[in-house]
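A quick write-up on the structure given underneath.
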């Protein structure tokens, strides 16, 4: 069953990218959240008879993520609503990762690297963010960068390869999305954002089958 849903995730995700490239808006509106629905089903399949706290927090993160997807694809600009939805989703992931048994120390160079990357990105985004929405949007983006950086840090704290890989992919996806919106348009933006995004969410969902 896991294999079937995994193949379906790849298929729907690929069809979504095709629909976006061909500008089939109605199909894209269906497939973007539709792919996440399959990912959520994969997570639910990983629930045992006595589902762990980790499982429920991951499921909550996936649900807030699909809500964020819906806000970001609406015809009217709902960027802030999408930002808040994903921010809450990342908080859920942070809590989930701290529930993993075998948590350990994060190497100082990892913490330092994450801080430097977050600060660098905020500096690069700041001009475009202020131009788009002023101080309010800048504070929102700063909060988001703080939370997603914390999510990656918590992933390293979990010491679980699937979680770490998923968190890094999610960070990369959001970094590309922010760069495209506030710094400069990217040619392969949809592929660079959505492929690591879907893969990250898939890895989080699959982790429930091994926790």
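Residue numbers (my numbering): 128 to 338. For glycine and all other residues, C-beta sits at the position ideal for the given N, C-alpha and C.
Distance between beta carbons of residue j and residue i, contact taken as under 8 Å
i, j, result
"residue 282", "residue 330", "Not a contact, Cβ separation roughly 10 Å."
"residue 319", "residue 303", "5 Å"
"residue 276", "residue 241", "5 Å"
"residue 229", "residue 286", "6 Å"
Delimiting residues of the alpha helix (DSSP H) encompassing residue i
i, result
"residue 321", "316-334"
"residue 141", "129-148"
"residue 289", "288-309"
"residue 251", "235-285"
"residue 108", "The structure shown has nothing for residue 108, since the chain only spans 128 to 338."
"residue 217", "206-225"
"residue 161", "152-172"
Buried/exposed call for residue i, threshold 16 Cβ in 10 Å
i, result
"residue 337", "exposed"
"residue 270", "exposed"
"residue 150", "exposed"
"residue 315", "exposed"
"residue 159", "buried"
"residue 162", "buried"
"residue 145", "exposed"
CB of residue i within 8 Å of CB of residue j, strictly
i, j, result
"residue 195", "residue 321", "no"
"residue 289", "residue 333", "yes"
"residue 267", "residue 310", "no"
"residue 295", "residue 279", "yes"
"residue 212", "residue 198", "yes"
"residue 342", "residue 297", "With the chain represented from 128 up to 338, any question about residue 342 goes unanswered, as that position is not in the structure."
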